[in-house]
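The UniProt record's numbering numbers the first residue of the sequence shown as 1 and each following residue consecutively. Read the structure below first, then the notes.
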Amino acid sequence: MEDLFGNNYPSSSKNLYADIILPVPIPLTFTYSVGPEIQEEIGIGYRVMVQFGRKRILTGIVAKVHQKAPEAYKAKPILDLLDDYPIVNALQIKFWGWLASYYCCHIGEVMNAALPSGLKLSTESKVQMHPDFELENPGYPMDERELLILETLEKKEEVNVDQLESVVPAKDLHKIIKSLLGKKAILVYESVKEKYSPKVEVRVRLAPEYLSDSNKLNELFEGVKGKEKQENVLLKFLQQVPIFKNAQLNEEGLSKKILTDSGCSPSSIDTLVKNKVLQSFKVKISRFALIQVDDKPIELSEVQKDAYDAVQKEFTSKATVLLHGITGSGKTEIYIKLIMEVLESGSQVLLLLPEIALTTHLVARLQKVFGDKMGVFHSKYSDNERVEIWQGVLSGKYNFIIGVRSSLFLPFDSLGLVIVDEEHEPSYKQYDPAPRFHARDAAIMMAWLHQAKTVLGTATPAFETFYNAQNDKYGYVRMDKRYGDAELPHFHLADILKDKKKNLLKLDFTRLMREKIQEALNHQEQVLIFQNRRGYAPYISCDECGWIPECEHCDVSLTYHQYQEELRCHYCGFKDKVPIKCQACGSSKITTVGSGTERIEENLSLLFPEARILRMDLDTTRSKYGYQKILEEFGSGNVDILVGTQMITKGLDFDRVSLVGIVDADRILFYPDFRSGERAFQQITQVAGRAGRRNVTGNVVIQTRRPDQLIFKQIISGNYNDFYQQEMGERRQFYYPPFVKNIKIVTKHKDFKTAETAAIQLKNLLSDIEGRKIILGPEKALIGKIKNLFLFEIWIKLEKNANTQERFKQEMVRIISELQGDKRFRSVRFLIDVDPY
Numbered sequence: 001m002e003d004l005f006g007n008n009y010p011s012s013s014k015n016l017y018a019d020i021i022l023p024v025p026i027p028l029t030f031t032y033s034v035g036p037e038i039q040e041e042i043g044i045g046y047r048v049m050v051q052f053g054r055k056r057i058l059t060g061i062v063a064k065v066h067q068k069a070p071e072a073y074k075a076k077p078i079l080d081l082l083d084d085y086p087i088v089n090a091l092q093i094k095f096w097g098w099l100a101s102y103y104c105c106h107i108g109e110v111m112n113a114a115l116p117s118g119l120k121l122s123t124e125s126k127v128q129m130h131p132d133f134e135l136e137n138p139g140y141p142m143d144e145r146e147l148l149i150l151e152t153l154e155k156k157e158e159v160n161v162d163q164l165e166s167v168v169p170a171k172d173l174h175k176i177i178k179s180l181l182g183k184k185a186i187l188v189y190e191s192v193k194e195k196y197s198p199k200v201e202v203r204v205r206l207a208p209e210y211l212s213d214s215n216k217l218n219e220l221f222e223g224v225k226g227k228e229k230q231e232n233v234l235l236k237f238l239q240q241v242p243i244f245k246n247a248q249l250n251e252e253g254l255s256k257k258i259l260t261d262s263g264c265s266p267s268s269i270d271t272l273v274k275n276k277v278l279q280s281f282k283v284k285i286s287r288f289a290l291i292q293v294d295d296k297p298i299e300l301s302e303v304q305k306d307a308y309d310a311v312q313k314e315f316t317s318k319a320t321v322l323l324h325g326i327t328g329s330g331k332t333e334i335y336i337k338l339i340m341e342v343l344e345s346g347s348q349v350l351l352l353l354p355e356i357a358l359t360t361h362l363v364a365r366l367q368k369v370f371g372d373k374m375g376v377f378h379s380k381y382s383d384n385e386r387v388e389i390w391q392g393v394l395s396g397k398y399n400f401i402i403g404v405r406s407s408l409f410l411p412f413d414s415l416g417l418v419i420v421d422e423e424h425e426p427s428y429k430q431y432d433p434a435p436r437f438h439a440r441d442a443a444i445m446m447a448w449l450h451q452a453k454t455v456l457g458t459a460t461p462a463f464e465t466f467y468n469a470q471n472d473k474y475g476y477v478r479m480d481k482r483y484g485d486a487e488l489p490h491f492h493l494a495d496i497l498k499d500k501k502k503n504l505l506k507l508d509f510t511r512l513m514r515e516k517i518q519e520a521l522n523h524q525e526q527v528l529i530f531q532n533r534r535g536y537a538p539y540i541s542c543d544e545c546g547w548i549p550e551c552e553h554c555d556v557s558l559t560y561h562q563y564q565e566e567l568r569c570h571y572c573g574f575k576d577k578v579p580i581k582c583q584a585c586g587s588s589k590i591t592t593v594g595s596g597t598e599r600i601e602e603n604l605s606l607l608f609p610e611a612r613i614l615r616m617d618l619d620t621t622r623s624k625y626g627y628q629k630i631l632e633e634f635g636s637g638n639v640d641i642l643v644g645t646q647m648i649t650k651g652l653d654f655d656r657v658s659l660v661g662i663v664d665a666d667r668i669l670f671y672p673d674f675r676s677g678e679r680a681f682q683q684i685t686q687v688a689g690r691a692g693r694r695n696v697t698g699n700v701v702i703q704t705r706r707p708d709q710l711i712f713k714q715i716i717s718g719n720y721n722d723f724y725q726q727e728m729g730e731r732r733q734f735y736y737p738p739f740v741k742n743i744k745i746v747t748k749h750k751d752f753k754t755a756e757t758a759a760i761q762l763k764n765l766l767s768d769i770e771g772r773k774i775i776l777g778p779e780k781a782l783i784g785k786i787k788n789l790f791l792f793e794i795w796i797k798l799e800k801n802a803n804t805q806e807r808f809k810q811e812m813v814r815i816i817s818e819l820q821g822d823k824r825f826r827s828v829r830f831l832i833d834v835d836p837y
């Protein structure tokens with residue numbers, strides 16, 4: 001057998017050990033002894049069940065197998081080998097190691113993020129009667145509640161602890177169990193089980209004797225004469241399963257559900273099974289429906305073909321290529337052509353998308369081309385569905401995956417191509433929990449490990465990406481024409497303040513915006529309205545004294561949600577009733593301030609009562625198929641106006657959308673972040689790109705209080721290069737990425753002073769590390785308290801030197817580890833965010 005590093009060891013060894021990655025935030029693997037019963041089978045990437053500490057049972061992944069016993073402790077034995085084959089490969093473990101090192105976290109945290117929860121064991125606390133205990137002669141006095149539990153256990157062999165809450169009050173349960181344990185009346189133990197359960201289908205088939213003897217089959221039908229329902233079952237079965245043409249079809253069986261759906265009586269089917277005419281059996285089936293493939297060939301336009309050829313040419317000298325194509329230029333067709341070529345070579349492909357909303361629209365399109373070779377992986381799927389995709393990649397069923405950032409962790413073993421669509425999107429960045437990775441950057445590294453190629457596609461490149469392309473680190477291909485020579489949309493700036501002075505502003509909408517919406521509706525065209533704030537109003541306020549309700553647990557005002565008639569914190573989920581009177585002065589003059597998507601939807605229904613309006617934000621898309629239902633309604637033409645947050649800026653392509661309205665562009669532009677200009681350019685350009693495709697010329701109305709801002713001229717002219725050069729001059733001057741490496745450290749604690757002191761102490765120690773750097777802070781975070789924890793931030797700017805960065809990160813991790821050992825800071829949380837986005 002061979003370990004991760006290519007070392008061989010004798011499989012018959014009596015003293016064999018395995019280094020196990022465990023899902024705990026500790027910077028080590030743990031060595032366990034391998035029992036003789038599993039020494040022949042165990043290897044890298046297998047799941048094992050181990051005891052961690054005194055009581056915890058955990059799922060771990062084997063990282064290395066060797067013969068060296070640990071020196072610091074006695075190795076515990078592996079309790080069980082959970083798989084017949086490795087579910088993780090060596091390349092994945094290398095990738096996990098890189099993520100842990102680069103993003104300054106622990107490999108166990110990476111493993112926890114990587115494995116679907118369905119591949120982790122779950123434990124349940126169970127209770128049973130002690131074998132030596134006699135209820136009739138307990139030996140100890142028992143109170144009424146203890147007797148209730150014992151009587152329950154007498155009826156059942158074992159009971160889950162939480163099930164006993166129906167017998168005695170939950171608040172008293174722990175105390176009663178402790179008392180019964182002391183009296184040796186019960187045993188409590190942990191039951192371990194797999195979370196994943198395959199989907200099964202009940203099928204039936206004709207008993208074998210009826211296949212080989214037609215006389216017997218005739219006798220069977222004679223025997224069921226007069227039993228109309230049983231006869232109906234047999235006739236329907238033979239219609240669906242022509243056994244005389246192909247006897248193998250009987251072996252595969254017919255779904256019982258098909259028979260019942262066609263009108264057969266379930267009890268009659270059961271009777272035939274009982275009488276051994278039919279045989280009932282179960283088979284594992286996929287949770288994903290079969291897809292019909294459209295054989296229509298993909299035809300590239302001349303512009304697309306030129307771009308495709310240019311990408312292939314760049315691949316001869318570069319591993320990563322930026323495909324910079326304006327909105328509507330037809331990048332998807334180029335992706336399809338590249339994917340086809342790689343799949344034909346026998347390699348795998350991963351197409352990353354920033355958000356689930358994009359998958360809904362693209363999946364249907366790509367499934368028509370790739371059918372069941374393609375798997376979809378995202379967080380809205382159930383645990384069991386995600387495990388089936390994982391197993392599908394392992395088995396080779398899926399050679400092409402389309403998914404969000406978590407799909408990077410799937411067990412690819414022969415990647416040939418990774419495509420990161422809309423690579424500029426901030427949602428590629430994972431914030432909590434660790435690893436706080438950026439999926440675009442991680443994808444490039446994963447592709448490098450597989451010696452695969454990477455395509456980064458976007459209309460508005462991230463500055464870091466464009467910088468790498470300009471400096472010849474990445475290949476670069478530009479597409480500056482829309483597919484089919486469709487026209488770019490016409491832009492209109494609407495001055496909010498000017499309309500307000502002239503009393504022309506109505507319900508958040510300028511006269512120009514209202515006119516353009518009405519014009520689109522008159523032509524039976526569709527409208528997208530963008531407002532990047534959900535809820536009804538950002539907050540409510542007292543007109544008399546200015547009091548604003550705030551979250552009890554965070555330093556933020558509560559957002560008013562009219563539909564639920566409640567105030568809600570978007571950081572911790574705290575909810576409160578809408579006050580009738582001011583809690584500061586007692587006035588009843590409480591008004592809403594500002595507008596979220598709920599209010600915009602309401603205002604539009606007042607301004608355009610005949611229009612059919614739908615809203616797309618986090619509140620309306622919480623269900624599994626929430627996005628899909630909204631997009632299907634809009635795509636079918638049943639909706640005139642779609643109001644949404646940034647979800648509607650991404651990749652939607654509807655022929656009848658002629659107008660995009662941006663309600664408040666200033667809210668995007670004037671945000672306290674060095675990337676605010678870049679983000680505004682990207683968001684406005686992207687949402688504007690939804691207007692006007694094919695035969696419809698689009699219009700974009702941007703409402704602003706500052707129409708003189710240079711950025712609006714650059715967006716309207718589509719002059720990305722000028723905007724990039726202007727912003728990069730400022731970033732170079734003030735030391736911002738891509739000219740430096742940014743690291744943010746946050747200290748969190750329930751006590752303000754402790755959080756601050758820990759941050760100050762950390763800053764002082766970091767300042768002593770050698771190397772060129774700038775350390776800013778500590779400062780109270782922009783939102784200084786979240787979920788009852790106070791937050792302080794330290795910002796570090798490191799020179800662009802790989803050795804300097806690596807040394808600094810190693811020292812930083814060591815210093816934080818030592819601070820956590822200080823009893824003053826033991827309960828302080830230190831969060832490291834490399835490349836905060």
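Virtual Cβ for every residue (Gly too), placed ideally from N, Cα, C. Bear in mind that the values here come from a model prediction, so they are computed numbers and not experimental data.
Where does residue i sit, in a helix, a strand or coil, going by DSSP?
i    : result
E550 : strand
R478 : strand
F237 : helix
T327 : coil
F681 : helix
F608 : coil
T320 : strand
Y32  : strand
E355 : coil
G346 : coil
A367 : Reading off the sequence shown, one finds Gln at residue 367, where the question assumed Ala. Residue state, collapsed to three classes: helix.
P77  : strand
Just to confirm my understanding: we take residue i, look at its own chain, exclude 5 residues before and 5 after, and list those with CB closer than 7 Å. What are they?
i    : result
L272 : Q230, V233 and L278
A114 : W96 and F409
Y837 : P426, K429 and H438
For residue i, which residues from the same chain have a beta carbon less than 6 Å from its beta carbon, with the 5 sequence-adjacent residues on both sides left out?
i           : result
C572        : H553, C554 and K787
D19         : T29, T31, A63 and K64
I832        : C104 and I745
residue 838 : The chain is shown only over 1 to 837; residue 838 falls outside these bounds and no answer can be derived.
A442        : L408
Relative to the C-alpha of residue i, which candidate in the options has its C-alpha closest?
i    : options                   : result
G495 : P426, D480, R511 and Y720 : Gly is not the amino acid found at residue 495; the sequence shown has Asp there. For D495, the nearest C-alpha among the options comes from R511.
P198 : K245, D143, R386 and E222 : R386
Q703 : I258, K500, T260 and N803 : K500
P86  : G60, Y73 and K68          : G60
S345 : L417, E302, E299 and E333 : L417
L577 : C545, I540, K296 and Q810 : One point to set straight first is that residue 577 is Lys, not Leu, in the sequence displayed. The residue with the shortest Cα to Cα distance from K577 is I540.
R705 : K120, F670, P738 and T320 : F670
Q470 : M142, Y625, H324 and I186 : H324
V369 : Y335, S395, S382 and H378 : Y335
V477 : T320, A680 and I783       : T320
K397 : G371, V420 and D261       : G371
According to DSSP, residue i sits in a beta bridge with which residue or residues?
i           : result
A537        : Y560
N160        : K126
M374        : F400
residue 840 : Because the chain spans 1 through 837 in this model, residue 840 falls outside it and cannot be assessed.
I743        : I796 and V834
A802        : In DSSP, A802 forms no bridge with anything.
Near residue i, which residues of its chain fall below 8 Å by C-beta distance, leaving aside the five closest residues on each side in sequence?
i   : result
S13 : Confidence in S13 is poor, its pLDDT being 49 and thus under 50, which makes the residue's placement unreliable; the coordinate value appears in the next sentence. Correct list, in chain order: Q39 and Q67.
* Asked: Which runs of the beta strand (DSSP E), 3 residues or longer, sit entirely within the segment 431 to 465?
  -> Every beta strand (DSSP E) stretch that sits fully inside the segment 431 to 465 and reaches 3 residues is listed by chain position as 453 to 458.
* **Segments assigned alpha helix (DSSP H), at least 4 residues, entirely inside the segment 191 to 272** => For the segment 191 to 272, the full-length alpha helix (DSSP H) segments reaching 4 residues or more read 209 to 212, 214 to 223, 228 to 240, 248 to 252 and 256 to 261 along the chain.
* To do: Let me know the alpha helix (DSSP H) ranges lying completely inside the UniProt domain "Helicase C-terminal" (577 to 731), each 4 residues or longer, listed in chain order.
  => Counting only runs of 4 or more, we get 597 to 607, 626 to 635, 665 to 669, 676 to 688 and 710 to 717.
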